[in-house]
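Chemist: Got a structure for you, questions after.
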Amino acid sequence: MSMIAAFYGGKSILITGATGFMGKVLMEKLFRTSPDLKVIYILVRTKAGQTTQQRVFQILNSKLFEKVKEVCPNVHEKIRAIYADLNQNDFAISKEDMQELLSCTNIIFHCAATVRFDDPLRHAVQLNVTATQQLLLMASQMPKLEAFIHISTAFSNCNLKHIDEVIYPCPVEPKKIIDSMEWLDDAIIDEITPKLIGDRPNTYTYTKALGEMVVQQESGNLNIAIIRPSIVGATWQEPFPGWVDNLNGPSGLIIAAGKGFLRSIRATPMAVADLIPVDTVVNLTLAVGWYTAVHRPKSTLIYHCTSGNFNPCNWGKMGFQVLATFEKVPFERAFRRPNADFTTNTITSQYWNAVSHRAPAIIYDFYLRLTGRKPRMTKLMNRLLRTVSMLEYFVNRSWEWSTYNTEMLMSELSPEDQRVFNFDVRQLNWLEYIENYVLGVKKYLLKEDMAGIPEAKQHLRRLRNIHYLFNTALFLIAWRLLIARSQMARNVWFFIMRFDFFPSGSLQPRSKV
Ligand SMILES: CCCCCCCCCCCCCCCCCCCCCCCC(=O)SCCNC(=O)CCNC(=O)[C@H](O)C(C)(C)COP(=O)(O)OP(=O)(O)OC[C@H]1O[C@@H](n2cnc3c(N)ncnc32)[C@H](O)[C@@H]1OP(=O)(O)O
Ligand SMILES: NC(=O)C1=CN([C@@H]2O[C@H](COP(=O)(O)OP(=O)(O)OC[C@H]3O[C@@H](n4cnc5c(N)ncnc54)[C@H](OP(=O)(O)O)[C@@H]3O)[C@@H](O)[C@H]2O)C=CC1
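Residue numbering for the sequence shown follows UniProt numbering, beginning at 1 and increasing consecutively.
So this is what it looks like as structure tokens:
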């Protein structure tokens with residue numbers, strides 16, 4: 001019997017960010033392994049015209065939850081969606097709901113965050129720092145609380161090369177940042193943002209670091225742990241391989257490369273691609289929840305959930321396998337044949353951006369205009385290149401994360417728990433994982449049917465022929481222009497033609513038949 005699964009039995013669990021990528025997988029695993037848990041409270045806002053209930057209904061009826069419904073048929077009754085907006089005071093939670101949360105919650109998993117790299121500092125601080133502070137305040141009023149698990153990121157200190165399982169201070173205290181956000185206007189905040197974030201690449205990593213400081217400073221008597229995952233990718237094993245439902249991290253770029261939009265990216269092939277499957281992160285999170293509540297460590301432990309030092313894979317190997325998978329299972333209606341490459345040089349990268357990205361987009365938009373349609377490719381390409389430029393920081397560097405606490409936890413688990421809540425990435429076969437990831441992107445993100453593969457292959461063959469035709473035409477036009485302008489080119493042309501007219505070994509012209 002799994003001790004971890006048994007621990008969650010009968011518990012009231014509060015999850016923030018349950019509608020997000022990681023939150024959904026966390027809920028799924030909890031219901032599947034501990035169907036006798038009492039209730040999962042989730043803080044949900046309304047979005048895209050959907051009420052909180054509609055959002056929950058959609059999640060429970062998704063493919064991700066198919067297995068849960070078999071093990072826990074009354075899952076609808078065990079989920080309690082509480083309207084909340086983490087940007088509001090007291091999260092805009094009603095008095096009755098707040099009372100229930102304060103008096104019943106046993107465990108908190110705080111996953112909610114803004115993960116956008118380009119969020120204005122004010123918004124990123126509000127969600128990643130102030131909301132964490134407010135949640136800690138709520139937690140301190142929960143008499144039954146056994147553990148508070150905060151999800152951070154392994155990149156909160158990405159300005160360092162070697163990162164230990166400790167909280168590194170930021171130069172300006174989070175409280176001062178929170179206060180200043182109240183009275184500074186947006187223009188001034190924008191101006192001081194680069195100075196505040198310093199050598200971090202974006203507001204996301206900076207505010208996640210501030211969030212960790214808040215956790216440390218406001219932990220009081222709470223039993224807290226912090227988890228720092230690296231780049232979270234599709235599921236490895238559970239509930240099935242390759243599940244993914246958003247474009248963050250590599251997923252968006254896999255689509256862009258598979259559809260033929262992305263042909264080149266400035267990346268270092270030998271740099272470590274520290275990807276970690278979302279189910280691995282969730283297994284570690286649940287194990288940490290159990291350990292923190294049962295063993296009550298004296299200080300706040302930080303757990304790195306990374307793959308690099310256990311089972312490293314580099315971007316070169318990953319990119320190669322992604323392309324190999326496109327050969328077997330191409331995406332439908334590609335713009336160009338998938339044929340991406342890595343460059344390490346900024347000038348080469350700019351050259352390829354002009355030749356392989358912007359030029360085809362301009363030509364395609366010209367074609368759309370000619371055929372009376374609205375041009376859209378240049379706009380799309382600009383967006384893609386902006387996204388790529390934001391991710392480049394992470395694909396041109398390697399980091400080392402120490403993992404003593406994660407290894408300690410692994411050794412504390414029973415063999416059964418090591419199996420059910422497996423977070424040992426040494427067992428991960430990267431080639432298999434990446435293939436399943438690409439397949440998952442095709443099935444769950446693009447919603448493409450496997451039956452369409454022959455047609456997709458046929459489409460790629462057509463694109464290849466168009467590509468050859470286009471190149472030949474381009475070559476002939478260039479050659480014709482050259483011949484018209486250059487004596488040397490005319491001589492070369494005459495020389496080639498001579499070989500055609502005078503077969504080798506003969507000085508006589510070929511006899512005309
Ligand atoms: C041998 C050589 C072979 C080479 C082969 C190459 C093959 C390619 C394989 C790919 C491998 C390389 C992958 C590298 C990936 C590295 C990732 C590193 C990430 C490290 C992160 C640290 C981990 C974390 O802690 S946080 C989680 C990560 N967070 C993110 O990823 C968020 C990033 N997203 C953003 O910040 C924004 O969305 C932004 C700035 C990218 C775009 O903002 P904007 O306002 O312009 O647009 P949106 O409104 O958000 O969206 C517009 C449009 O774009 C789509 N989109 C959104 N995000 C992405 C994305 N990441 N990639 C692609 N497309 C994206 C979005 O859906 C919208 O589409 P619409 O159609 O308009 O709706
Ligand atoms: N994905 C990754 O690669 C990595 C993620 N992490 C961390 O893991 C955690 C989960 O990330 P992930 O699941 O990928 O992120 P997602 O963007 O998928 O999910 C974010 C969640 O936060 C919720 N949220 C955002 N704003 C509010 C708000 N104002 N009120 C209520 N809820 C809100 C979202 O709700 P809604 O659905 O309403 O938008 C969503 O449920 C984060 O803390 C992130 O920093 C760490 C390392 C890597």
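Glycine included, every Cβ here is placed at the ideal spot set by N, Cα and C. Because the structure is a prediction, the values reported are computed rather than measured.
Since F326 and G249 are thought to touch, with beta carbons under 8 Å apart, how far apart are those beta carbons, to the nearest angstrom?
Modeler: Rounded, the Cβ-Cβ distance is 18 Å, inconsistent with contact.
Chemist: Tell me, please, whether the stretch 220-238 touches the stretch 310-328 by the rule of three or more beta-carbon pairs shorter than 8 Å.
Modeler: No, the stretch 220-238 is not in contact with the stretch 310-328.
Chemist: Could you give the DSSP three-state label for V75: helix, strand or coil?
Modeler: helix
Chemist: With a threshold of 6 Å on Cβ separation, who are the neighbours of I13 within its own chain once the five nearest residues in sequence on each side are excluded?
Modeler: I40 and I107
Chemist: Rounded C-beta distance between T19 and A124? I'm assuming under 8 Å.
Modeler: Actually they do not touch by this definition, with Cβ atoms about 19 Å apart.
Chemist: Under the three-state reduction of DSSP, which class applies to K328: helix, strand or coil?
Modeler: Correct three-state label for K328: helix.
Chemist: Could you give the C-beta distance for N223 and A293, rounded to a whole number, given that I count them as a contact under 8 Å?
Modeler: Rounded to whole angstroms, the Cβ separation of N223 and A293 is 7 Å, and the two are in contact under 8 Å.
Chemist: For my contact list, A271 and V395 are in at a C-beta cut-off of 8 Å; report their separation, rounded to the angstrom.
Modeler: 6 Å
Chemist: Could you compute how far the alpha carbon of T268 sits from the alpha carbon of T193?
Modeler: 28 Å
Chemist: Can T19 be considered in contact with ligand 2, in the sense that its beta carbon sits closer than 7 Å to one or more heavy atoms?
Modeler: Yes, since a heavy atom of ligand 2 falls inside the 7 Å radius drawn around the Cβ of T19.
Chemist: Sorted by chain position, which residues of the same chain lie with C-beta nearer than 8 Å to L101's C-beta, five sequence neighbours on each side aside?
Modeler: L14, Y41, I82, I93, M138 and M142
Chemist: Report yes if the CB atom of Q216 is closer than 8 Å to the CB atom of T153, and no otherwise.
Modeler: no
Chemist: Could you give the DSSP three-state label for T472: helix, strand or coil?
Modeler: T472 falls in the helix class under three-state DSSP.
Chemist: Nearest-angstrom Cα distance between S402 and S156?
Modeler: 14 Å
Chemist: By Cβ distance, which residues of its chain are closer than 6 Å to W315, with the 5 residues on each side in sequence left out?
Modeler: Answer for W315: A267, P269, A271, A273 and V395, listed in chain order.
Chemist: So, with DSSP's three-state summary, where would you put R266?
Modeler: strand
Chemist: Is there at least one Cβ from chain B nearer than 8 Å to N382's Cβ?
Modeler: Checking the listed chains, one finds no chain B in this structure; it contains a single protein chain.
Chemist: Between W493 and S486, what straight-line distance do the alpha-carbon atoms span, to the nearest angstrom?
Modeler: 11 Å
Chemist: With respect to the alpha helix (DSSP H) encompassing S12, which residues constitute its N-terminal and C-terminal limits?
Modeler: Segment S12 to T16 is the beta strand (DSSP E) holding S12; no alpha helix (DSSP H) there.
Chemist: On the DSSP letters alone, give me the boundaries of the beta strand (DSSP E) that V39 sits inside.
Modeler: V39 to V44
Chemist: Which runs of the alpha helix (DSSP H), 4 residues or longer, sit entirely within the stretch 209-267?
Modeler: 250-258
Chemist: For the alpha helix (DSSP H) that contains T300, what are its first and last residues?
Modeler: T300 -> no alpha helix (DSSP H), and no H or E assigned at all.
Chemist: Give a single yes or no on whether L284 has its beta carbon closer than 7 Å to a heavy atom of ligand 2.
Modeler: no
Chemist: Taking DSSP as the reference, what is the three-state secondary structure of V420?
Modeler: helix
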